[in-house]
Structure formats: C-alpha cells, structure tokens
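In the UniProt record's numbering, the protein residues as written are 1 to 528. Read through the structure below, which is laid out as structure tokens, and then see the notes.
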Amino acid sequence: MYLVTAAEMGQLDRLASSEYLVPSIVLMENAGLRVVESIRRHFQDRVKNRRVLIFCGKGNNGGDGLVVARHLLNQGAEVKVFLLARPEDLRGDARTNLEIYQKMGGRIFPLLGESHLQRADIALLYADLVVDAIFGTGFKGAAMGLPAAVITMINKAHRDTVAVDLPSGLEADTGRAFGPCIQATWTVTFALPKLGLVVEPGASYTGRLEVADIGIPQKLIDSQRFNLHLLTPAWCRSCLPKREASGHKGLYGHVLAVGGSPGLTGAIALAATAALRAGAGLVTAAVPRGVHGILEMKTTEVMTCPLPETPGGYLSREALDPIVERLAACDVLALGPGLSRDPATVELVKELLPRLKVPAVVDADALNALATDTSILTGDHGPLVLTPHPGEMARLVGTTAARVQEDRLEIARKYAREWQVVLLLKGARTIIAWPDGQAYINPTGNSGMATAGSGDVLTGIIAGLMAQGLEPGVAAALGAFLHGAAGDEARASLGQHALLAGDLLNFLPAVCRNLEVEAGVTAGLGRD
Ligand SMILES: NC(=O)C1=CN([C@@H]2O[C@H](COP(=O)(O)OP(=O)(O)OC[C@H]3O[C@@H](n4cnc5c(N)ncnc54)[C@H](O)[C@@H]3O)[C@@H](O)[C@H]2O)[C@@H](O)CC1
Ligand SMILES: [K+]
C-alpha cells in the first residue's frame, strides 16, 4: 500500500475533482461518513445519547469534523462542536457543512480564547468520545497559542479520542510533532496512509490506524508513481514462497550461514535455525573450528561445518577457500552473526564479498568489516542485502547514529541507490530501501524485540526466504514483516520485558501459518 506525503495526497484530491469530476464536497462527505462508521464500530453500533465532543479547525479537516457532527446528531448522539475559528472564517466545503449542521439545530461553541477553555474542559469530564478535527494535512510547524492549549487540555482529559486523518499537531510528512500533539486512541486516515502516521514518533500519537476509502478513483491512485510503501499482510501473503505438493528439500534452497566466534555461538545458531523456520530446505552453519562442537550441541536440524581459525579462535583468512567451495552448492550466504571484529576475520570478509556468485545477507560484524572499506560496496558486486542497525549504518557512512535516526528514510534510500544494494535499516519501523528507489516501511514489531540475538533471527529469516527464490528486496521486506509479527505474537503471549530472540523462532510458525490461511487483510498494522 502506498504511503504518501501531504502534497501527494493534496494532488490526488485535486485530480479526483479536476480529472474525474468527483466534487470535493463528496470526498468530504465520504471522509466524514467513514469516521462515523468507525465511531459506530467503537460503540458497538450504540451511538444514541453518547456524548461526543468534536473539535474543529477552520480548514477542511474541520469540515470533515462537521460532517461527523451532522451524522452523529442525526443518529441521536449528544454532539457538541467546539470551533477554533469564527464561523465566517470557514470557506468552501467546510463552510457549507457548518451551515448544514447549524440548520439542523446543531450547536457550535466558540473556542477562540482562554475564557472559552473552561467550558470545553468541563465538557471533557463527561465526554464518551473526542473527535479531533483541528488540523489535518494542511498543518505545518508547531501548534502554538490556543490550539496548543486545546490539544494539551484534550490529552490531559484521557478520553477515547479519534483523530480525523491525522492527530492534530503532527506533521504529515515527517511524523514529528514540534509542539503539543493529540494522543489518539485511533486515527481514521483517508484514501492512503500518510508517511507521518507510520514512522515514530507519529505512529505512537496515531494509535490504531484505519485507512478509509473516500471514493478517490482507484484508477487515479494506480496511475501515480509513488515510491514509498507500507508493508501489509495482503502484500506479504502474496509474496510467501509457494510450496509444491511434490516438493523436496532440494527445491527450497540451501543457506550457508557464516559467523560465530568464542562467546558468540548463539548468534549463528539463531540465524541458522531462523533460516530453516523461514522455509529453507537446507542450512549449513560454518563456524571457527573451536566452537564447532558447541554449535553441534545447540542445533539439531542445522548442518554444521568447521572452518580454519586464528590462535584466538576467530575465523581466519584461510577460511576463504573452504567457504567459497561450500558456496558452490548453496543458494545464498548469510554472513555476520557472531563473527567478531578480529582483523583476520575483517580481511576474510573483504576478500569474500567480491568473489560471491550467490546473493548474500550481510549483517553485524560483517557490516563493521565493510565499514573499514566501502569501496567493495561502490564497486561491482552481486546482489546484497545489508541489515544495519542505526549504529552500524552510522559506521558505514561515517556519521553518528543520532544523525541516521533523524533522517532514516532518506539515508536508507540514498545508500541503497548509491551502493545498489537492498538496505534494511533496523529500528522502530524498519525501512527496506531497494536499489531502484522504492522503499517499504514495516509496521510490525515492538520494543520487546530490542534484545540480544533479535537481529540474528532476522538475518536468518531473510536468507531462508532468498534460498526459496525470492528476490532480495522482497525477501528483506517480507522477512522484516514476519520477524516483527513474530515479535508481536511473542509479546501478546509473553509480554515485552522477558521476550528472548529465541522466542521469535517459536512464534514464527504461527505468523507464517496465518499468512498462509488469511485471504487478504485490510491495512492492519499489527497490534497497538
Ligand atoms: N478535497 C480535499 O482536499 C479533501 C480534504 N480532506 C480533509 O482536509 C484536510 C486538509 O485540509 P486543509 O488543507 O484545509 O488543511 P487543514 O484542515 O489540515 O488545516 C489547515 C489550517 O490550519 C492552519 N495551520 C497550518 N499550520 C498551522 C500551525 N502550525 N498553527 C496554526 N494553524 C496552522 C492553516 O493555515 C489552515 O487554516 C485533510 O487532512 C482532510 O481531513 C477531506 O475532506 C477529503 C477531501
Ligand atoms: K485531526
């Protein structure tokens, strides 16, 4: 599903009217009606006598709020509209909707100065629901003055709150709030999700996200060339590798996982097992000879292979040829989990990558090895998926993790293009940037997954999917989704504090099974 900026959404709205002759007031009517339907679901269809406060700004977002007000009034709710503008300041469709609402006897309470705040504050005490229609995609910068005071007052009241299109105070394009911002229970956004709703901190203000069809012609949406996408269960389901009734293990690919070092055998064991859980037919884990016996004890279905090591027990330069030989019988390499930063191992990584004839997932210390010489990335290389966390990304591009976090999307996109790799930038709302400029944002996952070994599981899942023939970009996106969804299932059952990376392996089957059986899902965004 496309993710759009405010300007892209505005363009779609305009083209719907100018090219397809859909009157803008019809779009506004549909938008309001979708919110009313969502509110009815919230109240299990019993809206009569519900006390609903609707806060409206002077723009079209406020116009949507007035449509909501009119329909709820019609359906017997006790509606109060607080207007953060003088009625004569409203224009166009918003003005028309104000007038209809007033003709129906709907009440408007002005919210224009400090003296009006108290009345709204008292009403909030008794409200069953707050509808936030103060600002939508037209908002820029910070809420200040009266709107800021109103937003703060609504948040302090802790009432169930539905945001219309966007939580007021949030920038649609960045997901940042430079002043107070509505903390929504849920948000009904129109036509397509806005980028700011799905990246942090915007996603946290948004609450549960519903995407509502307001009648913008699908043909118009399909004709756009947006290059940012939100991963959805339906898309992921369509990408799941197919299993043949007569399939055998040779058909589902062979992963070679290279990594491990003294004290870090768990990382490679997790990655290798995750590759099998993701459906790979065969997985071989190749590790320094000294830890090979430990790996044998830790894993059952994984095949293992001892490699030459340095006196300290790290993979040595002599491991190069055996790895290349092994790879001749494999479909994909997973490189990095538990590898260490020993200088000999760093050299090994740098010599191995240019010799690859199979696609590779490069993670952890293999990324740190690359950071010592990024000419490998700028030169000719085969298909690569890089899976850095912000710290590893910062080392790769010579900046700080804070800088990477400030501009996650643009940085991921820039280097995916520049290096011609699939770049998966981890963190809350993982980004998967493709070399052709397309980028995906993953809505699944939770902070319980910020735990040792979680990244190793992701590496294994992606490699396992690639072994089954998925394109690297698709495998990375689907892998991120499955990994996060397994984390969400694990959290639902175990809570987030005690969650271990190994638990992800145990919840992955349920997630895959759900995708196998679910016949397409709406824009569900994981659990809130
Ligand atoms: N055809 C359309 O364009 C449709 C628009 N719709 C609604 O219209 C919204 C966009 O409407 P608008 O473009 O009128 O904009 P908004 O209603 O989002 O708000 C814009 C108003 O807020 C003011 N503003 C912006 N930043 C501010 C700040 N930092 N502090 C104080 N005031 C600020 C602007 O000057 C303007 O008056 C969408 O979010 C959606 O809810 C829907 O009705 C569907 C159809
Ligand atoms: K809003």
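Ideal Cβ positions, reconstructed from N, Cα and C, are used throughout, including at glycine. Predicted model, so just to flag it, every value in this text is computed and none were measured.
Identity of the residue in the options nearest residue i by Cα
i    : options                : result
A286 : A272, A475, R277       : A272
A492 : A452, F82, A274, G445  : G445
E93  : N61, S18, G76, V198    : Checking the displayed sequence, the identity of residue 93 turns out to be Asp instead of Glu. Of N61, S18, G76, V198, the residue nearest in Cα terms is N61.
D331 : I462, K194, L195, Q11  : I462
A163 : G207, T152, G145, K156 : G207
P87  : K80, V81, R95          : R95
P147 : A85, R408, D373, L53   : A85
V404 : G427, F178, L53        : G427
L508 : A278, R225, R355       : A278
S375 : A364, P390, L353       : L353
V258 : D503, G293, V283       : V283
Sequence-distant residues of its chain with Cβ nearer than 8 Å to residue i (five each side left out)
i    : result
I154 : F55, L124, V130, D132, T161, I182
E19  : L220
beta-carbon residue i near ligand 2 non-hydrogen atom, thresh 8 Å
i    : result
F135 : yes
D13  : no
L166 : yes
I182 : yes
A163 : yes
D132 : yes
Range covered by the beta strand (DSSP E) that runs through residue i
i    : result
C305 : 303-307
I431 : 431-433
K80  : 78-83
R51  : 51-56
L210 : Per the sequence presented here, residue 210 reads as Glu, with Leu not at that position. From DSSP, the beta strand (DSSP E) with E210 extends over 208-212.
A450 : Run containing A450: none; DSSP gives neither H nor E here.
C-alpha distance - residue i paired with residue j, whole-angstrom precision
i    : j    : result
L192 : D165 : 10 Å
E516 : L370 : 37 Å
T185 : A69  : 19 Å
R50  : V35  : 15 Å
L470 : P435 : 16 Å
H229 : H116 : 42 Å
A212 : S24  : 16 Å
L112 : E392 : 50 Å
T310 : G487 : 36 Å
A31  : I100 : 16 Å
L525 : E200 : Residue confidence is low: L525 scores 40 on pLDDT, short of 50, so the model does not pin down where it sits. No coordinate-derived value is stated.
I214 : A177 : 26 Å
T459 : A267 : 10 Å
T400 : A394 : 5 Å
R326 : Q224 : 45 Å
A149 : C236 : 42 Å
E210 : T187 : 6 Å
V474 : L504 : 20 Å
H389 : L499 : 19 Å
L170 : E29  : 23 Å
R527 : A360 : Model confidence at R527 stands at a pLDDT of 32, short of 50, so the residue's coordinates are unreliable and nothing is read from them.
G253 : K242 : 13 Å
V511 : L231 : 15 Å
T372 : G175 : 33 Å
V457 : Y205 : 29 Å
G382 : A412 : 19 Å
Ligand 1 heavy atom lying under 8 Å from the CB of residue i
i    : result
I221 : no
N60  : yes
S375 : no
G10  : yes
Beta-carbon contacts of residue i that lie in its chain and below 6 Å, excluding the five residues immediately before and after
i    : result
T522 : For T522, the predicted structure reports a pLDDT of 35, less than 50, and the residue's modelled location is therefore unreliable. A value from the coordinates is still provided. None.
P308 : S316, E318, A319
L377 : W419
Residues near residue i by beta carbon distance below 7 Å, same chain, minus five either side
i    : result
A476 : V385, V422, L424, I432, I462
Y314 : S261, P288, S340, D342, A344, T345
R40  : V47
Closer than 8 Å: residue i CB and nearest ligand 4 heavy atom
i    : result
I214 : Absence of ligand 4 from the depicted structure is noted, with ligand 1 and ligand 2 being the only ligands included.
CB contact check: residue i to chain D, cutoff 9 Å
i    : result
S447 : Here there is only one protein chain, and chain D is not present.
Unbroken alpha helix (DSSP H) run spanning residue i, endpoints
i    : result
T345 : 343-352
Y20  : Neither: Y20 is in no alpha helix (DSSP H) and is coded neither H nor E.
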